[in-house]
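**Student:** First the structure, then my questions, so here it is.
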């Protein structure tokens with residue numbers, strides 16, 4: 655079944671193709687802001703893996719190769735999303751297996767990521783992939799920036815979701 659999917663690094667000149675999936679992951683952020691932020695991170699060694707089904711992009715994960723004292727050289731999957739029509743079909747696991755292979759090829763010692771607290775399905779997925787919860791991820795708003803509403807609506811959404819669980 656998984657042979658129908660193709661996993662590859664998306665060339666820099668085709669990164670705009672990930673915007674619709676980024677919008678699914680970040681519905682509170684406008685297309686314009688996503689496009690602007692994507693342009694800004696392109697110049698910071700950002701890479702992205704995509705999974706294709708019949709030439710349709712159905713899943714993505716941004717990639718950062720970083721070095722930190724506590725983790726050494728590592729890969730950080732970022733903005734990981736599988737289109738809702740393709741979830742629970744092994745696509746996420748296939749993509750992460752390829753990312754881990756790529757990380758080893760690049761000499762990475764570990765992989766680390768951030769996940770939203772209210773994303774219980776995501777937490778189960780990451781644990782199934784062998785990730786362990788080892789800390790907290792904190793964020794502090796410094797100013798309104800390029801999208802005055804995205805940060806506050808994202809936090810409000812997370813707060814209301816956590817109250818409903």
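Numbering (the working numbering), first residue to last: 655 to 819.
A virtual CB, placed ideally from N, CA and C, is assigned to each residue, including glycine.
1) Out of 740, 730, 787, which one is the CA nearest neighbour of residue 765?
2) Is residue 685 helix, strand or coil when you go by DSSP?
3) Please list the segments of the beta strand (DSSP E) lying wholly inside the region 726–781, counting only runs of 3 or more residues, in order along the chain.
4) Since residue 709 sits in a beta bridge, which residues does DSSP pair it with?
5) For residue 758 and residue 711, which I take to be in contact (beta-carbon distance under 8 Å), what is that distance rounded to the nearest angstrom?
6) In terms of residues, what are the limits of the alpha helix (DSSP H) holding residue 673?
7) With DSSP as the reference, please indicate the residues paired to residue 662 in a beta bridge.
8) For the putative contact between residue 726 and residue 714, defined by C-beta atoms under 8 Å, what is the C-beta separation to the nearest angstrom?
9) Please state whether DSSP places residue 796 in a helix, a strand or coil.
10) Please report the Cβ distance between residue 707 and residue 740, rounded to the nearest whole angstrom; I am assuming they are in contact, meaning their Cβ atoms lie under 8 Å.
11) Can you give me the Cβ contacts of residue 746 inside the same chain, cut-off strictly under 7 Å, excluding the 5 residues immediately before and after it?
12) Near residue 768, which residues of its chain fall below 7 Å by C-beta distance, leaving aside the five closest residues on each side in sequence?
13) Which residue from 782, 668, 795 puts its Cα closest to that of residue 702?
**Tutor:** Working from what's here:
1) When C-alpha distances from residue 765 are compared across 740, 730, 787, the shortest belongs to 730.
2) The DSSP-derived three-state label of residue 685 is helix.
3) Along the region 726–781, the beta strand (DSSP E) occurs as fully enclosed runs of 3 or more residues at 726–736, listed in sequence order.
4) BP columns for residue 709 are empty, so no partner.
5) In fact, because the Cβ distance is near 25 Å, the residues do not count as touching under 8 Å.
6) According to the DSSP assignment, residue 673 belongs to the alpha helix (DSSP H) that extends over 673–679.
7) 704
8) Wrong, their Cβ atoms sit about 26 Å apart, outside the cutoff.
9) coil
10) Contact annotation, residue 707 with residue 740: C-beta distance approximately 7 Å; criterion of less than 8 Å satisfied.
11) 713, 736, 779
12) 791
13) 668
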